[in-house]
Structure formats: C-alpha cells, structure tokens
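Chemist: Let me give you the structure first, and then I'll get to my questions.
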Amino acid sequence: MSDRPPSILPPGTRFDPSLAARMMTRHGHGGWLGIRYHDHGEDWVELALPWREDLVGIGAGTGDMGVLASGPIISLMDNATSMSVWTKSGNFVPHATLDLRVDYMRAATPGQTVIGRGECYKLTRTISFIRGVAHDGDPADPVAHVIGTFMATHGPYL
Numbered sequence: 488m489s490d491r492p493p494s495i496l497p498p499g500t501r502f503d504p505s506l507a508a509r510m511m512t513r514h515g516h517g518g519w520l521g522i523r524y525h526d527h528g529e530d531w532v533e534l535a536l537p538w539r540e541d542l543v544g545i546g547a548g549t550g551d552m553g554v555l556a557s558g559p560i561i562s563l564m565d566n567a568t569s570m571s572v573w574t575k576s577g578n579f580v581p582h583a584t585l586d587l588r589v590d591y592m593r594a595a596t597p598g599q600t601v602i603g604r605g606e607c608y609k610l611t612r613t614i615s616f617i618r619g620v621a622h623d624g625d626p627a628d629p630v631a632h633v634i635g636t637f638m639a640t641h642g643p644y645l
C-alpha cells in the first residue's frame, strides 16, 4: 500500500492550479459564474469573478445599484480556498467544506471584477485551514474576508 494520498493526478505529478482552473471553470457552477484563473503561489490561489448584470443582487436596495450578490462571491472564495489546499499539498484530494465564515466589509464596486485570494496556512493529515480576501482592485480595501476548514473525504492530504 502506498503512502501517497489518493489523487486523480498521475504519479509524480503536482497539482497545477492554472491548468486545473481551466478545466474546473469551464463547466459546472464556477463555469456558469465565469470564474477564471488569476494567479497563484506556493500556498495560495487567486481567481477572478468578472462583474455581470445577471449576478447583481436584489433586495435591500442592492439590485438597482449594480452590486454583485453575495452568493457568487462566496462561490469564488470557496473555489479559491479549495484550490489553495490542493496547491499547498501538491495533490487533488477530494474534500468537503466543513466551515467557511465570510465577513463582508463592504459592497463590491458595480462593474468591477472581484479577485478572490485563498490561502492554505495549515495542513494536517485530514483537515486543512484556510483564509482569504476578496477585493475589487485594492487588497487593502477588501470586499470580504473568509476563514474556514476543509476535510479530506477520500484519504489524507499528507
């Protein structure tokens, strides 16, 4: 039995977020939202969510102001933080979101792309700890902060 975590990647291959994002954002929910790869590092991934009129929130006066709804931003951050875990571990190990706390600081600027940066700051055998920031041009003026945990569902991260 191998000590290597289960992965859909061929043996000896490291997870590549730029390549994975091209696949993952073409289909499904992320594809429909228009999420795309932006950048990555050793333990972080940035994805972009372009503004679209059909993603504008309705209610509490936001619909007539062109403000992106919270749901697409949550999806952006869930995807960016998930990919940061796989980037840090080097493997695509299926996992489930245990907790994702989103603290909104302000509304996203109408017409602006929102960038979601997710970072995996700690990996254990089966739990990953993540944090992130969503912004629309200036990381020092965030739209939202996230923090959370994922659990590996089909074998260990490490």
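In this note's numbering, the protein residues as written are 488 to 645.
Using N, Cα and C, we set each Cβ at its ideal position, and we do this for glycine too.
The structure presented is a predicted model; accordingly, all values stated were derived computationally and were not measured.
1) Drop a sphere of 10 angstroms on the beta-carbon of residue 567, count the other beta-carbons inside from all chains shown, and report buried for 16 or more, exposed for fewer.
2) What does the alpha-carbon distance come out to for the pair residue 621 and residue 560?
3) Can the beta-carbon of residue 597 be found closer than 7 angstroms to that of residue 640?
4) Is residue 637 near residue 574, with beta carbons less than 7 angstroms apart?
5) How about residue 516: is its Cβ closer than 6 angstroms to a heavy atom in the ligand PLP?
6) Go through its chain and collect everything with a Cβ distance to residue 609's Cβ below 6 angstroms, but skip five positions before and after it.
7) Output the residue ranges of the beta strand (DSSP E) runs that lie fully inside the stretch 506 to 560 and measure 3 residues or longer, sorted by chain position.
8) Return the residue from the list 591, 601 and 529 that minimises the CA-CA distance to residue 631.
Modeler: In short:
1) buried
2) 8 angstroms
3) no
4) no
5) This structure lacks the ligand PLP, and indeed carries no ligand of any kind.
6) 616
7) 523 to 527 and 531 to 536
8) 591
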